[in-house]
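Asks: Before anything else, here's the structure in question.
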Amino acid sequence: MYIKEFERYLQYERRYSKHTLIAYLHEISLFLVFLENEHLPFEEVGHRDMRHYFAMMTEANKSATTVNRSISALRTYYKFLQREDIVKDNPIQVKALKMPKKLPVVVEKDKLMLLLDHLEENVHDFESRRNKLVMELLFGTGIRLAELLQIQDRDIDYYNKNILIFGKRSKERLVPINGTLIKELQLYLHAKSLYIENNKSSFLIVTKEGKPAYEKLIYRIVHKCLSMVSSQQKRSPHILRHTFATALLDNGADLNAIKELLGHAGLAATQVYTHNSAERLKSIYKQAHPKA
């Protein structure tokens, strides 16, 4: 059912992340199995069939997240099929399910600062210097994991103190870096030039063999480092992005400015951090006010 063509469309035209690509293709495959079981020709799928499919998912106790991902995947799939003149109408006229609001998980700022100091004190080779830079970059800029992996040496502008970031769907943005982070970058690049002979990789973060870093490596680095100061279950690179945004908001940064720094398409995605700050203020109030 034009799956290969759809995959290329998502990968090269829409520039979806690897995780989104895998998730969407999985949802499409499940839907095609449903059509086969229902003996329903692909070209004859209508609105009622779609409602029946999503109702079945709900009855099977699928989470709102899973159902909404399926809706999004199939809506994108049918838009692609319409564009290719394979189908006339998009049969998906279903609204996404309401999602329970989850507050972003963050690391306490004091603990994170102690961690960064500890990492600096224990830099003794290229890998420890690289790991320190990974933590500094993720916390100091709020960039996504995929964006970190795409940074090349030439993307760093030391004079204007910023990094060119390639975000979702090939959107570019400039993220400022402070003097501390510039120093970290210079120390790392010096260590990389000494440790890795004939380094031909243009990517900033590399393995000890000089190859471009990969997702699992960054996950391991962040998880290991955060384990030193936190017992919370979530210790992923995205936690540092949440911590970055919350820290800016706590210190009075404008919400629109945070939106631009994070590369969010809309303000709604950024507003979730206001809940974290509100909860933090309540906690401080309860501890400090005599009549709390």
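Its first residue numbered 111, the sequence shown is counted upward by one per residue in my numbering. The beta-carbon is built from N, C-alpha and C at its ideal position, and this holds for glycine as well.
For L184, count the other beta carbons within 10 Å of its own beta carbon; 16 or more makes it buried, fewer makes it exposed. Which is it?
Replies: When all chains shown are included, L184 counts as buried.
Asks: Rounded to the nearest angstrom, what separates Y122 and I273 at their Cα positions?
Replies: So the alpha carbons of these two residues sit roughly 24 Å apart.
Asks: Less than 8 Å between the C-beta atoms of R279 and R124, yes or no?
Replies: yes
Asks: At what residue ranges does the segment 274–329 contain a whole run of the beta strand (DSSP E), taking only runs of 3 or more?
Replies: 282–286
Asks: Please return the same chain residues whose Cβ sits closer than 7 Å to the Cβ of A206, not counting the five positions on each side in sequence.
Replies: If the five residues before and after A206 are omitted, its C-beta is found closer than 7 Å to the C-beta atoms of N178, I181, all from its own chain and listed in chain order.
Asks: Quick one: grab the DSSP three-state call for I266.
Replies: In the structure shown, I266 sits in a strand (DSSP, three-state: E or B).
Asks: Specify, as a first and last residue, the run of the alpha helix (DSSP H) that H352 falls within.
Replies: 347–360
Asks: List the residues that DSSP assigns as beta-bridge partners of N272.
Replies: Residue pairing by DSSP places N272 opposite D267, P286 in a beta bridge.
Asks: With three or more beta-carbon pairs closer than 8 Å as the criterion, would you say the segment 369–385 touches the segment 234–248?
Replies: Judged by pairs of C-beta atoms under 8 Å, the segment 369–385 does not touch the segment 234–248, as fewer than three such pairs exist.
Asks: Excluding the 5 residues flanking Q203 on each side, which residues of the same chain have their C-beta closer than 7 Å to its C-beta?
Replies: H157
Asks: Which of the three DSSP states is assigned to K189 in this structure?
Replies: helix
Asks: Three or more C-beta pairs under 8 Å: does that hold for the segment 168–178 against the segment 192–201?
Replies: no
Asks: Could you check what DSSP says for Q203 in three-state terms: helix, strand or coil?
Replies: In this structure, Q203 counts as coil in the three-state DSSP scheme.
Asks: By how many angstroms is the C-alpha of F354 removed from the C-alpha of Q342?
Replies: 17 Å
Asks: Between H374, V339, H348, S311, which lies nearest to H218 when the distance is taken from Cα to Cα?
Replies: Note on residue identity: the sequence assigns Glu, not His, to residue 218. That would be V339, whose Cα lies nearest to the Cα of E218.
Asks: If distances are taken between C-alpha atoms only, which option among S337, T380, P347 comes closest to L224?
Replies: When each option's Cα is compared against that of L224, the closest is S337.
Asks: Just checking, does the segment 291–307 make contact with the segment 144–160 on the three C-beta pairs under 8 Å criterion?
Replies: In this structure the segment 291–307 does not lie against the segment 144–160, because fewer than three pairs of beta carbons, one per stretch, are closer than 8 Å.
Asks: Please report the Cβ distance between I138 and I113, rounded to the nearest whole angstrom; I am assuming they are in contact, meaning their Cβ atoms lie under 8 Å.
Replies: 7 Å
Asks: I306 and V316 look like a contact to me (Cβ under 8 Å); what is the Cβ gap, rounded to whole Å?
Replies: 7 Å
Asks: With H, G and I counted as helix, E and B as strand and the rest as coil, what does DSSP make of I368?
Replies: helix
Asks: Quick one: residues in its chain with C-beta nearer than 8 Å to the C-beta of P322, no 5 flanking neighbours on either side, listed in chain order?
Replies: L259, S311, F313, I315, V316
Asks: Can you give, in chain order, each stretch of the alpha helix (DSSP H) that sits fully within the segment 216–257 and has at least 4 residues?
Replies: Taken in chain order, the complete alpha helix (DSSP H) segments of 4 residues or longer contained in the segment 216–257 are 219–231, 236–251.
Asks: Could you pull the start and end residues of the alpha helix (DSSP H) that A170 belongs to?
Replies: Element bounds for A170: n/a, residue is neither H nor E.
Asks: Exposed or buried, N241, counting other C-beta atoms within 10 Å across all chains shown (16 or more means buried)?
Replies: buried
Asks: Taking the alpha-carbon of F276 as reference, which of Y126, E294, F116 has the nearest alpha-carbon?
Replies: Distance from the Cα of F276 is smallest, within the candidate group Y126, E294, F116, for Y126.
Asks: Thinking just about the alpha-carbon of each residue, which of M167, E294, D267 is nearest to the one in E230?
Replies: E294
Asks: Would you tell me roughly how many angstroms separate the C-alpha atoms of I292 and K281, rounded to the nearest one?
Replies: 24 Å
Asks: When DSSP labels each residue in this structure, what does V332 get in the three-state scheme?
Replies: helix
Asks: Whole angstroms are fine: how far does the CA of L142 sit from the CA of L120?
Replies: Rounded to the nearest angstrom, the two C-alpha atoms are 18 Å apart.
Asks: Going by beta carbon distance, what residues of the same chain come within less than 6 Å of F190, once the five residues before and after it are set aside?
Replies: F116, Y119
Asks: Just to confirm the assignment, what range does the alpha helix (DSSP H) spanning K114 have?
Replies: Here the alpha helix (DSSP H) through K114 covers 113–118.
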